[in-house]
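Q: For the sequence shown, the residue numbers in the working numbering are 6 to 168.
Note that CB positions come from ideal geometry on N, CA and C, so glycine has one too.
The structure displayed is predicted, hence computed values, not measured ones.
I have a structure I would like to understand better, so I am pasting it below and will then ask my questions one at a time.
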Amino acid sequence: MKQIGMTLIEMMIVVLLIGLLALAASPFSSAWVDSADVSKTVAALEQAVGGAKAAALRNATAVQGDAAASALCLADSKLQLVAAVAGSAIDCNAVVADAVLWSTAIPQRVDIKWGELGISDWMCSCFTNKGLLSATAPNCNACATNLTFTVSSGAESETINIY
């Protein structure tokens with residue numbers, strides 16, 4: 006009698022081998038996910054800084070001096086580009102829906118720090134009507150005074166300096 010197909014034992018051995026290969030590959034896949042999350046966040050930060058500078062230079066509400074014409078705010082894993090609204094200062098703690106020009110989600114496991122040493126948690130960066138950073142913007146607690154960011158997720162980390 007000729008045998009056609011596979012026996013149950015042969016099938017179980019194949020399934021076991023596939024399971025072992027998947028188990029061996031799982032540490033690599035988490036590193037890939039961390040790397041992808043960091044890359045996605047770095048790209049979003051670069052895009053957001055460019056947009057914030059452009060919005061500040063457009064200065065639709067005629068903001069003067071060192072007041073913030075636009076800001077980047079990070080809250081609840083959401084990066085938002087906020088423009089000044091006529092008659093009120095930018096408040097990254099209570100963003101007005103009408104002021105949001107652009108928004109993107111940041112992966113939950115990503116941590117963004119700012120400064121040369123990457124010690125302080127980053128919450129916001131405010132820009133004057135000249136497209137320059139403003140450290141004196143009202144209601145923008147912990148305004149970043151430079152655009153050096155350290156983005157990390159798991160063991161993956163990248164430091165960028167945006168000009």
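Verify whether the separation of the beta carbon atoms of A53 and W107 is less than 8 Å.
A: Cβ atoms of A53 and W107: closer than 8 Å.
Q: Pull up the distance between the alpha-carbon of E161 and that of G120, whole angstroms please.
A: C-alpha separation (whole angstroms): 18 Å.
Q: Less than 8 Å between the beta carbons of A88 and A65, yes or no?
A: Yes. Within cutoff.
Q: With 16 as the cutoff for other CB atoms within 10 Å, does D96 come out buried or exposed?
A: When all chains shown are included, D96 counts as buried.
Q: Thinking just about the alpha-carbon of each residue, which of E163, T133 and T153 is nearest to the one in G70?
A: That would be T133, whose Cα lies nearest to the Cα of G70.
Q: Within the chosen definition, does the region 98-112 reach the region 10-25 through at least 3 CB pairs nearer than 8 Å?
A: The answer is no - the region 10-25 does not touch the region 98-112, with fewer than three Cβ pairs under 8 Å.
Q: Which residues does DSSP pair with K83 in a beta bridge?
A: According to DSSP, K83 bridges with A80 and A110.
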